[in-house]
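Worksheet: the structure to be examined is printed underneath.
There are 2 protein chains.
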Amino acid sequence: MLLESQKDKAYQLFSEIQAKLVACFEAIDGEARAVPHRWQKQTSGAGGGTSLVVRGEVIEKAGVNCSRVTGDRYPRLESEHHDKPFFATGVSTICHMRNPHAPIGHMNVRLLEVGDKFWFGGGADLTPFIVYDEDRQDFHACLQKVCATFETGAYAKFSRWCDEYFFIKHRNSPRGVGGVFFDYLSDDFERLLTFVHNLAFAYAEIYPQILLRRKDTPYDEQQRDGQLRWRGRYVEFNLVYDRGTHFGLQSGGDVEAILVSLPPLVKW
Amino acid sequence: MLLESQKDKAYQLFSEIQAKLVACFEAIDGEARAVPHRWQKQTSGAGGGTSLVVRGEVIEKAGVNCSRVTGDRYPRLESEHHDKPFFATGVSTICHMRNPHAPIGHMNVRLLEVGDKFWFGGGADLTPFIVYDEDRQDFHACLQKVCATFETGAYAKFSRWCDEYFFIKHRNSPRGVGGVFFDYLSDDFERLLTFVHNLAFAYAEIYPQILLRRKDTPYDEQQRDGQLRWRGRYVEFNLVYDRGTHFGLQSGGDVEAILVSLPPLVKW
């Protein structure tokens, strides 16, 4: 069983990541300011969260959610822990830039406790419509560095897991250019919290750097149109396959906060 | 077991419905002409289909699919028929109008045979962003008339089933103003085929009538914006809950044909 102080500490660190990311997005946009949406869990549990959304000319839509909830019944049917009481806290972010040269970025880290078990999960991945090798390499190098401080072989394992997880089966295509993904990490609490915090912090450094590189690159209507269609695949992945989205929708999370990941404008 | 001649007859009638609907959409638009996309099943089965898509100024996007496929393994996990060989033929249509006064319309009828069982399923429903009672009443009256020729109580049963099925759980909201939905109808083949054909034919009469009423109603940017956001819910339903979509994606159907239902432009 986790101590309340451990839950508090995780939530505290996740809140700091949220604040750091939002400050980055506001700075990159230059004009737009985050609009907060605070929500409370209405049914079968307690807690809530804050969703911060930046919508501007440069940052077309970026959402950063941080939440801390309890529930009476863990909703994932396929889990051995199905129907047990749970605690969850996490921070998640997705950013859709107006400029089609700038990649969609996603990061999420979370702590779950169900019954008497706890585990950490999370990931970070990049989805460019127009692929720049430099961005992909820098993003992966940054994640690899964090993983190296955690465990030998972690980057190889987590980046393979990412490729498997963020795969759009019906299109037989990866979602983007990868990153890391992991779940069910459950040995030493402090060590794991340090790792996910380092990962989230590193993401909040590298992703804004990549955006600064690409936000002013000239683009034409055809590239913008391609970007809007490319975003359709992102929606398909999130609504058809993503466990975070399904967990949120099934566990009575706030719909606006959960679906803040969906792009501002999409074409099919 | 169905006879080949029965499968042929169903497919033939469904193809006629497809042609009728496409002609209506082309006539309503006035300019746009349907673009055909023919596909063949690539894996674990045979057959294929034709997806016809009309994209124009009035009809922003309308798709009408007709297909006839076999497969080695029925993909629905929850079915007692899971993994048995199957045959499926059907016609389906969704139309998204540019004018926010004109409702989204959906209709689908299908025949399945799995192992030694066959059944019909289908439905038709209307999703207006701006609700007109006249449209809703005429649509329901038309479906009720068809159901009355089929079986006492059918309309009451199928319209309730529609309300239950086309419900967006995470938003605790119906998708639209209802219609009919049914599945697993499996007594007399001829009687059932006549019913689903009558239903599809009636839809191809009433829905275009409703569009003609609404296609030229003046609208402002705010209404257009509301329509694009409203369409987001349609996407959420189709990708998170719709069995037809999941069946298609899981059974190796053609992705472009299956996702032709998704709106041309959406905001979140």
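Protein chains in written order, with this note's numbering: chain A, 118 to 385; chain B, 118 to 385.
Using N, Cα and C, we set each Cβ at its ideal position, and we do this for glycine too.
Asked, Found
"Chain A within 9 Å of I176 (chain B), Cβ atoms only", "no"
"D189 (chain A) to D371 (chain A) span [Cα, whole Å]", "16 Å"
"Short-range partners of chain A found in the region 363-384 of chain B, where Cβ spacing is below 7 Å", "L366, V372, L376, L379, P380, P381, L382, V383 and K384"
"Given V297 (chain B) as reference, the closest of B:F246, B:C183, B:V226 and B:T160 once Cα atoms are compared", "B:V226"
"Residues, ordered as in the chain, of the region 292-310 of chain A that lie near chain B by beta-carbon distance below 7 Å", "none"
"Cut-off 8 Å between Cβ atoms - residues of its own chain near G349 (chain B), not counting five sequence neighbours on either side", "V383, K384 and W385"
"Q344 (chain A) classed as buried or exposed, judged by whether at least 16 other C-beta atoms fall within 10 angstroms", "buried"
"Members of the region 333-360 of chain A near chain B, C-beta cut-off 9 Å", "L345, G349, V352, E353, N355, L356 and V357"
"9 Å Cβ cutoff, H154 (chain A) in contact with chain B", "no"
"The beta strand (DSSP E) enclosing K286 (chain B), as first and last residue numbers", "Element bounds for K286 (chain B): n/a, residue is neither H nor E."
"Per-residue DSSP class, three states only, for P153 (chain A)", "strand"
"The region 319-337 of chain A contacting the region 267-276 of chain A, beta-carbon criterion three pairs below 8 Å", "no"
"C-beta neighbour in chain B for R193 (chain A), strict 9 Å", "no"
"Residue of A:C279, A:N182, A:H257 and A:S303 minimising C-alpha distance to V377 (chain A)", "A:N182"
"Beta-bridge pairing of N182 (chain A) - partner residues as DSSP gives them", "A:S168 and A:S209"
"Option nearest G162 (chain B) by Cα separation, candidates B:H223, B:P202 and B:L243", "B:P202"
"Three-state secondary structure assigned by DSSP to V297 (chain B)", "strand"
"Contact the region 327-342 of chain B vs the region 277-295 of chain B: 3+ CB pairs below 8 Å", "no"
"Separation of R193 (chain B) from A151 (chain B), as counted between CA atoms", "32 Å"
"W236 (chain B) - containing beta strand (DSSP E), residue span", "K234 to T244"
"Alpha-carbon spacing of D305 (chain A) relative to L120 (chain A), whole angstroms", "13 Å"
"Contact residues within the region 265-288 of chain A, judged by C-beta distance below 8 Å to chain B", "K286, H287 and R288"
"V248 (chain B) vs V294 (chain B) beta-carbon contact at 9 Å", "yes"
"Distance CB(V356 (chain A))-CB(V357 (chain B)) smaller than 9 Å", "In the sequence as displayed, the identity of residue 356 (chain A) is Leu instead of Val. Yes, they are a contact pair."
"Beta-carbon gap between L228 (chain B) and K158 (chain B) smaller than 9 Å", "no"
"Exposure of Y301 (chain A), with buried meaning 16 or more beta-carbon neighbours within 10 Å", "exposed"
"Burial state of L329 (chain A) (16 or more Cβ within 10 Å)", "exposed"
"L376 (chain A) - DSSP class collapsed to helix/strand/coil", "helix"
"Closest by C-alpha distance to L379 (chain B), when choosing among B:R288, B:D359 and B:Y336", "B:D359"
"Neighbour-count burial assignment, H199 (chain B), 16 or more Cβ in a 10 Å radius", "exposed"
"Buried versus exposed, by CB contacts within 10 Å (16 or more), S368 (chain B)", "buried"
"Residue range of the beta strand (DSSP E) that includes I221 (chain B)", "I221 to V231"
"Residue range of the unbroken beta strand (DSSP E) whose run includes L382 (chain A)", "L382 to K384"
"Where G162 (chain A) sits in the DSSP three-state scheme", "strand"
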